[in-house]
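Asker: Residue numbering for the sequence shown follows full-length UniProt numbering, starting at 1 and increasing by one per position.
Every residue gets a Cβ at the ideal spot worked out from N, C-alpha and C, and that includes glycine.
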Amino acid sequence: MVEWILLHKHRLSDLLHYLDDFSTAGPPQSFQCAYNLNTAISVCHRLGLPLHGNKCVGPATSMTILGIELDSVNQDHPVQINQEFRLDLQWWQQFLASWHGVGFWLYPGMSATTDLEVTLDAADNKAVVAILTTRTSKVPALMHLLRDLLFSAVRWGFTFTAAHVPGVKNKIADAISRFRWQEFRQLAPEAHSCPCPIPQLLLDSLTPPP
């Protein structure tokens with residue numbers, strides 16, 4: 001809405017918008033940037049929109065936008081990205097190449113009906129729960145597994161979440177993690193006597209590249 005008002009009602013030019021961040025540009029030694037900034041601030045005030053004082057900066061030839069420093073004079077500050085960022089870009093490239101362009105968003109507070117609930121000893125690990133809920137990790141090997149899980153989720157149209165369950169309430173998983181097999185058999189007599197082997201193809205796909 002704010003972008004539409006600035007472009008169509010006030011005829012601002014060279015306006016860039018990403019989520020709730022706005023930036024503008026103009027010729028050197030001109031009043032265009034100052035006019036655009038003052039107009040945008042005035043419109044936000046009239047609409048009752050709060051502004052972050054530290055972000056209302058300029059006009060200037062150098063400033064940081066979305067964490068990237070832009071310098072219109074030197075123009076010699078390349079953006080440095082690490083290997084994990086490149087892997088994220090590859091993930092999006094692979095996903096968008098096969099995406100049909102339609103997605104559904106649930107209203108805040110709503111959640112889909114649970115089709116499958118899995119309980120495991122990792123649910124007693126708050127670090128694992130944080131990784132699954134935030135969808136990120138600083139460990140490259142874990143990010144490789146997480147990207148694979150997220151790609152399967154978007155490909156097959158399912159969502160997942162995790163919740164921390166203390167060991168005293170997660171007795172079956174707690175017995176497995178402590179190798180208390182007799183206790184586990186008593187708590188879950190219907191469990192198979194032998195673990196299910198993981199297919200080699202799946203293991204290979206979960207192994208991060210060197």
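If you draw a straight line from the C-alpha of residue 203 to the C-alpha of residue 60, how long is it?
Answerer: By one-based count along the sequence shown, residue 203 stands at place 203. By one-based count along the sequence shown, residue 60 stands at place 60. Each residue's alpha carbon lies about 53 Å from the other.
Asker: Under the rule that 16 or more other beta-carbon atoms within 10 Å means buried, what is residue 193, buried or exposed?
Answerer: One-based indexing of the sequence shown puts residue 193 at position 193. Flag for residue 193 reads exposed.
Asker: Give every residue of the same chain whose Cβ lies closer than 8 Å to the Cβ of residue 37, excluding the five residues on either side of it in the sequence, and list them in chain order.
Answerer: Indexing the sequence shown from 1 puts residue 37 at position 37. 24, 56, 58 and 59, listed in sequence order.
Asker: Suppose you measure from the CA of residue 82 to the CA of residue 142; what does that come to, to the nearest Å?
Answerer: As a first step, residue 82 is located in the sequence shown; it is residue number 82 there, counting from the start. As a first step, residue 142 is located in the sequence shown; it is residue number 142 there, counting from the start. Going by the C-alpha atoms only, they are around 16 Å apart.
Asker: With DSSP as the reference, identify every bridge partner of residue 15, one or two as the case may be.
Answerer: Residue mapping note: residue 15 aligns to position 15 of the sequence shown, counting from 1. DSSP, once it has assigned bridges, lists 24 as partnering residue 15.
Asker: How would you label residue 175, buried or exposed, when you count the other beta carbons within 10 angstroms and need 16 or more for buried?
Answerer: Here residue 175 corresponds to residue number 175 of the sequence shown, with the count starting at 1. With 16 or more Cβ atoms within 10 Å of its Cβ, residue 175 is classed as buried.
Asker: Report yes if the C-beta distance between residue 172 and residue 184 is below 8 Å; otherwise report no.
Answerer: The count along the sequence shown starts at 1 and reaches residue 172 at position 172. The count along the sequence shown starts at 1 and reaches residue 184 at position 184. Closer than 8 Å, so yes.
Asker: Using CA atoms only, rank isn't needed, just tell me which of 19, 84 and 35 is closest to residue 217.
Answerer: Residue 217 lies beyond the range of the chain shown here (1 to 210); nothing can be said about it.
Asker: If I follow the unbroken beta strand (DSSP E) through residue 69, where does it start and stop?
Answerer: As a first step, residue 69 must be located in the sequence shown, where it is residue number 69. Run containing residue 69: 68-71, per the beta strand (DSSP E) assignment.
Asker: Give me the Cβ distance between residue 41 and residue 51, rounded to the nearest whole Å; I'm assuming they're in contact under 8 Å.
Answerer: In the sequence shown, residue 41 corresponds to position 41, counting from 1. In the sequence shown, residue 51 corresponds to position 51, counting from 1. 7 Å between Cβ atoms; contact.
Asker: Specify the secondary structure class of residue 65 as computed by DSSP and reduced to three states.
Answerer: In the sequence shown, counting from the first residue as 1, residue 65 sits at position 65. Residue state, collapsed to three classes: strand.
Asker: Which value, in whole angstroms, describes the spacing of the CA atoms of residue 136 and residue 128?
Answerer: By one-based count along the sequence shown, residue 136 stands at place 136. By one-based count along the sequence shown, residue 128 stands at place 128. Whole-angstrom Cα-Cα distance: 10 Å.
Asker: Report the rounded CA-to-CA distance for residue 74 versus residue 35, giving the unit in angstroms.
Answerer: Taking the first residue of the sequence shown as position 1, residue 74 is located at position 74. Taking the first residue of the sequence shown as position 1, residue 35 is located at position 35. Each residue's Cα considered, the two are about 24 Å apart.
Asker: Residue 139 by DSSP, collapsed to three states: which one?
Answerer: Residue mapping note: residue 139 aligns to position 139 of the sequence shown, counting from 1. DSSP places residue 139 in coil when its eight states are reduced to three.
Asker: Excluding the 5 residues flanking residue 17 on each side, which residues of the same chain have their C-beta closer than 6 Å to its C-beta?
Answerer: Counted from its first residue, the sequence shown places residue 17 at position 17. Hits under 6 Å: 3.
Asker: So the candidates are 161, 186 and 14; which of them puts its Cα closest to the Cα of residue 115?
Answerer: In the sequence shown, the residue the question calls residue 115 occupies position 115. Taking only the C-alpha atoms, the option nearest residue 115 is 161.
Asker: For residue 179 and residue 165, I'd like the C-alpha separation in whole angstroms.
Answerer: Here the question's residue 179 lines up with position 179 in the sequence shown. Here the question's residue 165 lines up with position 165 in the sequence shown. If I take the Cα positions, the gap works out to 18 Å.
Asker: Given a threshold of 16 other Cβ atoms within 10 Å of its Cβ, counted over all protein chains shown, does residue 131 qualify as buried or as exposed?
Answerer: Your numbering for residue 131 matches position 131 in the sequence shown. With 16 or more other Cβ atoms within 10 Å, it is buried.
Asker: Given residue 33, which residues of its chain have a CB within under 8 Å of its CB, disregarding the five upstream and five downstream residues?
Answerer: Within the sequence shown, the letter at position 33 stands for residue 33. These residues qualify, in order along the chain: 24, 25, 26, 58 and 59.
Asker: Under a three-way DSSP split, which group does residue 115 fall into?
Answerer: Along the sequence shown, read from residue 1 onward, the residue named residue 115 stands at position 115. The answer is coil: DSSP assigns residue 115 none of H, G, I, E or B.
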